[in-house]
Amino acid sequence: MDRAILHRSLSCAPLACTKLLSCSSHRLVRRLPSLSYLPRQQHRLLQNLHNRSFLGTRLKPSISSLSVPSLNLKRHFSLPARAVASPLKDPSPEALGADDEVAEKLGFEKVSDQFLDECKSRAILYKHKKTGAEIMSVSNNDENKVFGIVFRTPPKDSTGIPHILEHSVLCGSRKYPLKEPFVELLKGSLHTFLNAFTYPDRTCYPVASTNTKDFYNLVDVYLDAVFFPKCVEDSQTFQQEGWHYELNDPTEDITYKGVVFNEMKGVYSQPDNILGRTTQQALFPDNTYGVDSGGDPQVIPKLTFEEFKDFHSKFYHPSNARIWFYGDDDSNERLRILSEYLDMFEASSAPHESRIKPQKLFAKPTRVIEKYPAAEGDDLEKKNMVCLNWLLDDKPLDLETELALGFLDHLMLGTPASPLRKILLESRLGEAIVGGGIEDELLQPNFSIGLKGVSKEDIQKVEELIISTLKTLAEEGFDSDAVEASMNTIEFSLRENNTGSFPRGLALMLRSIGKWVYDMDPFEPLKYQKPLMALKARIAEEGSKSVFAPLIEKYILNNTHLVTVEMQPDPEKDSRDEALEKEALNKIKASMTEEDLAELTRATQELRLKQETPDSPEALKVVPCLSLNDIPKEPISIPIEIGDINGVKVLKHDLFTNDVLYAEVVFDMSLVKQELLPLVPLFCQSLMEMGTKDMDFVQLNQLIGRKTGGISVYPLTSSVRGKENPCSHIVVRGKAMSNRTEDLFNLVNCILQDVQFTDQKRFKQFVSQSKARMENRLRGSGHSVAAARMDAKLNVAGWISEQMGGVSYLEFLRSLEEKIDQDWDGISSSLEEIRRSLLSRNRCLVNLTTDGNNLSKSEKYISKFLDLLPTSATPLESVSWNGRLSANHEAIIVPTQVNYVGKAANLYDVGYELKGSAYVISKYISNTWLWDRVRVSGGAYGGFCDFDTHSGVFSFLSYRDPNLLKTLDVYDATSDFLRELEMDNDTLTKAIIGTIGDVDSYQLPDAKGYSSMLRHLLGVTEDERKLRREEILTTSLKDFKEFAGVIEAVKDKGVVVAVASPDDVEAAHKERPNFFQTRKGL
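Each residue of the sequence shown is one higher than the one before, starting from 2 at the first, in the working numbering.
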């Protein structure tokens, strides 16, 4: 999907409060802004996983590694979707697992063979006889094949060995001795997933593809990488990915450089991350979770190359591996591929050395006080955080208890109407919730809950309120409607099995590995039907209070393993940390002789030369690649019927959805006054979280949970190529089982027309929550803030979006917070005015995705819904939105140790006419020039470019970047890179195939219907899609050379926005006076 549209439509939407309990809901950091939850997982290629197991917990990753986060999206939604998944059906006989005789001959022993009705799959657990490696081979009809290999990797300190190793093993191997085969796969594969994750106790290497040949290529590269990496023989890879001293000239200061080092500096700049790290280490002081597997920037430089090599030798061994295959490929072939690698090893003692020791429970509660970096001059009075955290047991829990606790978690915190969440937010003791509820991705589960934005004198009140609310819930139980709503939400999510763009097979793998990695049953987490039915029956028989009250009492209220973490703002923390780092480096330099300094300078230059020297064409040929003959020449069309119901245009997509109806009702936003635009996100949240005349918001929320699979409301804004006015809409999106279609549309009507904007207290909460989210986004996703700000300087759609989700929006929220008590009547009237401007049958569109029979059945309910909408007696003229920010260079200052640097220009303004080759070229720039110069030699966590083909804005962005002006110099040299580029046919073919992999991104049916709707709204025709695909497939070196002149516009006419640290902005001012106008972000 287009980066700008998806970013605008989702970043402006209120955060979903419902916690999906299906396999997992993974948010690719390359796709969406990161959550405010503390990451527990470091991973590569920037995946931000928000992975909830069906038991109700989530894996909260930290960002690690290779590519770019939020904004480098699959931006070609105007082109075809190759792999569109349907719900799984019973597997065919040929997908029923490997032949027993073949498995035996290849050295595998069958341990267990089970049919998983929940995912319509046959799963066989094998053990490799020679090494003890365990393999789950899951066979079904899913074309999106998944492979993953997982090692238990418990660290003993916070030097970040597992994290650095996760980066490094993908930097060349025995069979693929290039600098980075991983990047070559990014460039030229049809992968639907390609990444690696570092957890506190394990490291995962998953890949996925719908193309079988491509899939086995990916599997082979990954197996060779983990078992035979070059990095254990090459200290320069360790230096590049981990840490090294850098000295460009003996007269200069020594600095630390390293991708992981700078990444973790960014992680340690975010208060929520610091809270989560502190919580984990305080809850588990006596085992491996008491240290940071991602690495503490103050400790990372203590790691030696020898320790790094030893860690790989000890833990990256088949005896310590869990291997997963999933999909419709040949089960025998899976074992043949594995046997080639596993047979090269003997059994080792790694499984015993990597076993995780349980944390013993505390005899009494403890308290931890930690500082976090805050901006100087801020009002720090209400900037404290407090979180109560319980370790629930001294051993893993049984499945029945886990399921009940997951259900309890959803009841207490899963929606805005959930009592614990609601009471905390309505107390006005803080601005937003912290702590994620139940967490069960580690050996022992824990429960965390607290508030941020708390004044010091209110900290004790927050703690008392949490305890008293939990006691009340244990004594009084939960409302029966709340229990029914939670049960329906959980069941719907499980049966829908909608993992978005995240492969279903990988979601299942991560669910299974949560038990398997601790030597427990890997099948158990995949079977939810029986335990869920048993829990429902128990609730029906005993009552919900009898089920949940004992859990609250035993695991929380009467549990002495309680850690209270208090976080205090400290405006001097960053400067103290920087001073300590500088002092340590000065001591290092003072201890060195002139010869030492000369040698360090030489080593720095040698490493940079290696980083910036491309692999030879001969070396690149060893990486397996598809040919253009493997690529479909025609785009796969999405079925669409454009019809009319009661004078309203209705788009219908006849797709198999397992009896689920997906619906969007879209309203034209062009009549909303310009001055009201910043209120639109709060208007959307108010529709979902305020009550009607007959129902309070709790009852309304519960009714939605009982009758549907969920409803959301959000703005969607995009430029339209060739048109001056933007496409700007409010989208109401919902889903329900087909027999609940009438309920779904009745509820949508209720939300749109009956909700009353009268609850001043709740609206004030919305503003506080939104402000806290935006402030968190400034620190953790500064690149997305910079991108939005640049767009706002270059086009009207960008300006609208920034008003609803950027720095301007944050400033609006801060002023609005002061006005609510003074002018609530005026604000309430403005919300009503927005509703009047939107709601009209004349400016409405309906989009439906389900099978043909259900499409026909739904018409009468849609007709009734549309009849209830108001109509405009006379056509109304659209409001003229002519806003645009001034085109000056801006530095937005935040308390951080890393920067997010952007530069952009509108290529259409300089006469460029879109060609499909631009997709190939921009991807190639990201994966070569920017990767090598911004990330590899520059030390940033990521560097990339993005071309919004609807607006014409071409953007450069960096992520967790130690540099500022140096990165801008790299951007400005891009046109020279293209002019001097030499490329053989293999390299060009790889670039084209990689682009098609983006274009043909994997989609489930609901996403397919939604993408088709977006194309319709933006006027993207089938003929244009065919033309762009043809242009991509025929891209030539000449196109690259010609684009060099086009992209020169970014260098000459581009606007710069950097979200940066005060020290780096001050240094930039000294080097280039008056280059930036500064703006205080935090």
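Backbone N, C-alpha and C define an ideal beta-carbon position, used for all residues, glycine too. Note that this is a predicted model, so its numbers are computed, not measured.
Residues in its own chain within less than 7 angstroms of Lys1042 by CB, not counting five upstream and five downstream? Leu979 and Arg980
Between the CA atoms of Ala1069 and Glu776 - distance to the nearest angstrom: 24 angstroms
Under the three-state DSSP convention, the category Trp325 falls into: strand
Is DSSP giving Ile828 helix, strand or coil here? helix
Kindly provide the ranges of any beta strand (DSSP E) runs that are 3 or more residues long and lie completely inside the region 681-725, ordered along the chain. 711-719
Touching by the beta-carbon criterion (3+ pairs, under 8 angstroms), the region 345-356 and the region 125-140: yes
Proximity winner among Leu421, Ile275, Thr850 and Val220, relative to Gly781 (alpha-carbon distances): Ile275
C-beta contact flag for Lys794 and Leu908 at 7 angstroms: no
If you follow the alpha helix (DSSP H) that Asp744 is in, where does it begin and where does it stop? Thr742 to Asn750
Give me the residue from Glu119, Cys120 and Met137 with the minimum Cα distance to Val126. Looking at the sequence itself, residue 126 is Leu, so the reference to Val does not match. That would be Met137, whose Cα lies nearest to the Cα of Leu126.
Suppose the cutoff is 7 angstroms on Cβ atoms and the five residues either side in sequence are ignored; what does the same chain contact list for Lys611 look like? Gln237
If you reduce the DSSP assignment to three classes, tell me which class Leu1083 lands in. coil
Unbroken stretches of the alpha helix (DSSP H), 4 residues or longer, contained in the region 1011-1083: 1023-1034, 1038-1054 and 1063-1072
Out of Leu558, Glu914 and Phe1044, state which residue places its alpha-carbon closest to the alpha-carbon of Ser469. Leu558
Please state whether DSSP places Pro182 in a helix, a strand or coil. helix
Are the region 479-490 and the region 180-188 touching by the rule of at least three beta carbon pairs closer than 8 angstroms? no
For the structure I just gave you, are there three or more beta carbon pairs, one from the region 389-398 and one from the region 580-588, closer than 8 angstroms? no
Distance check for Ile894 and Phe1076, CA to CA, integer angstroms please. 15 angstroms
Using 8 angstroms for Cβ pairs, my map puts Lys330 next to Lys622. What's the rounded Cβ distance? The sequence given here has Asp at residue 330, not Lys. So it is not a contact: roughly 25 angstroms between Cβ atoms.
Of the residues Lys231, Tyr257 and Ala888, the one placed nearest Glu582, counting alpha carbons only: Tyr257
Would you kindly check if the distance between the Cβ of Ala773 and the Cβ of Gly451 is under 7 angstroms? no
Excluding the five sequence neighbours on either side, which residues of its own chain have a C-beta within less than 7 angstroms of the C-beta of Glu1023, listed in chain order? Ser638
What's the C-alpha gap between Ser729 and Tyr1011? 16 angstroms
Cα-Cα, which of Glu440, Leu425, Gly437 and Thr473 is closest to Asp459? Leu425
Should Glu181 be counted as a contact of the ligand GTP given a C-beta to heavy atom distance under 6 angstroms? In the structure on display, the ligand GTP does not appear, and there are no ligands present to speak of.
Sorted by chain position, which residues of the same chain lie with C-beta nearer than 6 angstroms to Leu1084's C-beta, five sequence neighbours on each side aside? Missing from the structure shown is residue 1084; the chain here goes from 2 to 1083 and no further.
Which same chain residues, not among the five before or five after Gln569, have their C-beta less than 7 angstroms away from its C-beta? Ile370, Lys372 and Asn385
Where the alpha helix (DSSP H) containing Gly277 begins and where it ends: Pro272 to Leu284
Does DSSP classify Pro207 as helix, strand or coil? strand
How many angstroms separate the CA atom of Val300 from the CA atom of Val222? 32 angstroms
Within its chain, find whatever has a CB closer than 6 angstroms to the CB of Leu414; leave out the 5 residues flanking it on each side and keep chain order. Leu421, Arg422 and Gly438
Does the region 225-240 come close enough to the region 186-196 to have 3 or more Cβ pairs within less than 8 angstroms? no
Buried or exposed: Val112, going by 16 or more other Cβ atoms within 10 Å of its Cβ? exposed
Going by the CB atoms, is the gap between Ser923 and Phe957 shorter than 7 angstroms? no
Look up Thr950 in the DSSP assignment and say whether it is helix, strand or coil. coil
Beta-carbon proximity list for Ala604, same chain, < 7 angstroms, skipping 5 on both sides: none
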